[in-house]
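In this note's numbering, the protein residues as written are 14 to 353. Reviewing the structure listed below.
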Amino acid sequence: MSISMTVFAGLAASMSAFSALAPHAVAPSAPVSATPATTGRITTADELLTRLETADQGLRTLTADIQYVRVFGMMGDRQTRTGSLAFMDERTDAQKTEQNAAPPRAAQAEGDDPAIEAPATLTTTTTVLPPARRFAVRFNTVQVGSREERSNETYVFDGSVLAHTEPERRQVTRYEIPQGDQARDPLKLGEGPLPLPIAQKREDILERFDVTLLDANDDLEGEDDKETQSLQQFVAGSYQLKLVPKPEFADQMDASEIRLWYKPVEIKSPTSEKPAASDTSTQRLLPRMAQTRNKRDDVAMVRLINVKVNPQIDPSVLSVDAVPTGFEIIRRQLAAPNSR
Numbered sequence: 014m015s016i017s018m019t020v021f022a023g024l025a026a027s028m029s030a031f032s033a034l035a036p037h038a039v040a041p042s043a044p045v046s047a048t049p050a051t052t053g054r055i056t057t058a059d060e061l062l063t064r065l066e067t068a069d070q071g072l073r074t075l076t077a078d079i080q081y082v083r084v085f086g087m088m089g090d091r092q093t094r095t096g097s098l099a100f101m102d103e104r105t106d107a108q109k110t111e112q113n114a115a116p117p118r119a120a121q122a123e124g125d126d127p128a129i130e131a132p133a134t135l136t137t138t139t140t141v142l143p144p145a146r147r148f149a150v151r152f153n154t155v156q157v158g159s160r161e162e163r164s165n166e167t168y169v170f171d172g173s174v175l176a177h178t179e180p181e182r183r184q185v186t187r188y189e190i191p192q193g194d195q196a197r198d199p200l201k202l203g204e205g206p207l208p209l210p211i212a213q214k215r216e217d218i219l220e221r222f223d224v225t226l227l228d229a230n231d232d233l234e235g236e237d238d239k240e241t242q243s244l245q246q247f248v249a250g251s252y253q254l255k256l257v258p259k260p261e262f263a264d265q266m267d268a269s270e271i272r273l274w275y276k277p278v279e280i281k282s283p284t285s286e287k288p289a290a291s292d293t294s295t296q297r298l299l300p301r302m303a304q305t306r307n308k309r310d311d312v313a314m315v316r317l318i319n320v321k322v323n324p325q326i327d328p329s330v331l332s333v334d335a336v337p338t339g340f341e342i343i344r345r346q347l348a349a350p351n352s353r
């Protein structure tokens, strides 16, 4: 089975059917640069957005187990996928700050009609891309109703191309990212198939959404009482943001509502190679869960489990060059959300 380009709306980006959700764990494998002060209770949506804008300072990589649940509003059908997420940000903290303040605009590129190529005619080269955010989502199970199957479906974004591999169809779809006035960010809330809620720009969110800060459990319901309780335990201690597209931007997004949960987590920053009492800790807001509702009343929920900050990631995991032998390659441009 494959996932359409609308399956991810919310986290992102940034994201196993679990009978009981695993406890959240943050285990940095490398020292983390100190983040701006984030202590104290957050009481307004604007305060949370301000802190989130610098929440990626010192964050170079992030990995997590991912659970993705989608419930189709018309039929009530439910699909659950499990897998893993790998995220890498190659920008320096200075570049992040600069890009948040004034994102550069590239020259507009000509759009090509979708084209299908035989694998034999495809040439792939490893190019050196500018510092960028990259991610890979790899699913290993899919459950529809009571039937669970193995899955090898993947999404990999290298900063320029989003590659969607569907082994069941023996095809790879390579979505080229438009530039210039048609530029789209696959990690941007409301735009991409897998927008990670990391380093989102406060001004950009406030421009496009009406934003409300809610209690973690507000309007959070599962299929039954058991799932509702499980969800509430999962987001305990988190902040919830509700985002509703403003009327002038509603036609540009498939989502009619986005809900994001962030959890403050203490991360140790050792002052030497050996842990000591003098070691300091910083508080980082990490993405916990995202839920989106689209205009067809479909609900998608993504949970990040066992999050690790700054672990080592094999670069090949984030490469879009590998194409399985015999797979058909389809080239497209990443369309606007409302044109999918």
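Using N, Cα and C, we set each Cβ at its ideal position, and we do this for glycine too.
Residue 345: first and last residue of the uninterrupted alpha helix (DSSP H) it sits in
What you label residue 345 is simply residue 332 of the sequence shown in a count that begins at 1. Note, residue 345: premise wrong, no alpha helix (DSSP H); beta strand (DSSP E) at 341 to 346.
Skipping 5 residues on each side, what residues in its chain have a beta carbon closer than 7 Å to that of residue 151?
Counting from one through the sequence shown, the residue named residue 151 turns up at place 138. Answer for residue 151: 96, 97, 167, listed in chain order.
With three or more C-beta pairs closer than 8 Å as the rule, is the segment 223 to 243 touching the segment 253 to 265?
yes
Between 263, 56, 300, 103, which lies nearest to residue 273 when the distance is taken from Cα to Cα?
In the sequence shown, residue 273 corresponds to position 260, counting from 1. Comparing Cα positions, the closest option is 300.
What's the gap between the Cα of residue 61 and the Cα of residue 55?
As a working mapping, residue 61 is identified with position 48 in the sequence shown. As a working mapping, residue 55 is identified with position 42 in the sequence shown. Computed Cα separation, rounded: 6 Å.
When 179, 269, 239 are compared against residue 221, the one with the closest alpha-carbon
For the purposes of this step, residue 221 is identified with residue 208 of the sequence shown, where counting begins at 1. Selected option, being the one with the closest Cα: 269.
Let me check understanding here. Comparing Cα to Cα, which of 180, 277, 313 lies closest to residue 233?
Residue mapping note: residue 233 aligns to position 220 of the sequence shown, counting from 1. Checking every option, the nearest Cα to that of residue 233 belongs to 313.
Quick check: what's the CA-CA separation for residue 182 versus residue 239?
Indexing the sequence shown from 1 puts residue 182 at position 169. Indexing the sequence shown from 1 puts residue 239 at position 226. Looking at the two C-alpha atoms, the distance is approximately 36 Å.
By a C-beta neighbour count over all protein chains shown, 10 Å radius and 16 as the cutoff for buried, is residue 216 buried or exposed?
Within the sequence shown, numbered from 1, the residue matching residue 216 stands at position 203. That one is exposed.
Have a look at residue 90 and residue 158 and give me their C-alpha separation to the nearest angstrom.
Indexing the sequence shown from 1 puts residue 90 at position 77. Indexing the sequence shown from 1 puts residue 158 at position 145. So the alpha carbons of these two residues sit roughly 8 Å apart.
Can residue 214 and residue 66 be called in contact, C-beta distance under 8 Å?
Counted from its first residue, the sequence shown places residue 214 at position 201. Counted from its first residue, the sequence shown places residue 66 at position 53. Result yes, Cβ atoms of residue 214 and residue 66 sit closer than 8 Å.
Secondary structure at residue 244, three-state DSSP: helix, strand or coil?
Against the sequence shown, residue 244 aligns to sequence position 231. Three-state DSSP puts residue 244 in a helix.
Under a three-way DSSP split, which group does residue 135 fall into?
The residue given as residue 135 occupies position 122 in the sequence shown. Low confidence applies here, because residue 135 scores a pLDDT of 41, under 50, leaving its location unreliable; read the following figure in that light. Three-state DSSP puts residue 135 in coil, outside helix and strand.
Buried or exposed: which applies to residue 101, given that a residue is buried once 16 or more other Cβ atoms fall within 10 Å of its Cβ?
Position 88 of the sequence shown, counted from the first residue, corresponds to residue 101. Flag for residue 101 reads buried.
Taking the beta strand (DSSP E) that residue 176 belongs to, which residues open and close that run?
Sequence index remark: in the sequence shown, residue 176 carries index 163 (1-based). Per DSSP, residue 176 belongs to the beta strand (DSSP E) from 174 to 179.
Name the residue from 295, 105, 165 whose alpha carbon lies nearest to the alpha carbon of residue 73.
Sequence index remark: in the sequence shown, residue 73 carries index 60 (1-based). Comparing Cα positions, the closest option is 105.
Endpoints, the beta strand (DSSP E) within which residue 189 is located:
Sequence index remark: in the sequence shown, residue 189 carries index 176 (1-based). Residue 189 -> beta strand (DSSP E) spans 184 to 189.
Taking 6 Å as the limit between beta carbons, can you name the residues of its chain near residue 165, skipping five residues before and five after?
Taking the sequence shown and counting its residues from 1, the one referred to as residue 165 is at position 152. So the list reads 180, once near-sequence residues are dropped.
Closest residue to residue 153 among 63, 85, 80 (Cα-Cα distance)
Along the sequence shown, one-based indexing puts residue 153 at 140. If we check each option's Cα against that of residue 153, 80 comes out closest.
Status (buried if at least 16 other CB within 10 Å, exposed otherwise) for residue 262
Here residue 262 corresponds to residue number 249 of the sequence shown, with the count starting at 1. Exposed, since its Cβ has fewer than 16 Cβ neighbours within 10 Å.
Rounded C-beta distance between residue 298 and residue 328? I'm assuming under 8 Å.
Counted from its first residue, the sequence shown places residue 298 at position 285. Counted from its first residue, the sequence shown places residue 328 at position 315. With 8 Å as the limit, residue 298 and residue 328 do not qualify as a contact, their Cβ atoms being about 27 Å apart.
If we count the other Cβ atoms within 10 Å of its Cβ and call it buried at 16 or more, is residue 304 buried or exposed?
If you number the sequence shown from 1, residue 304 lands on position 291. Answer is buried; the Cβ neighbour count reaches 16.
How is residue 89 classed by DSSP in three states: helix, strand or coil?
Indexing the sequence shown from 1 puts residue 89 at position 76. Of the three classes helix, strand and coil, the one that applies to residue 89 here is coil, per DSSP.
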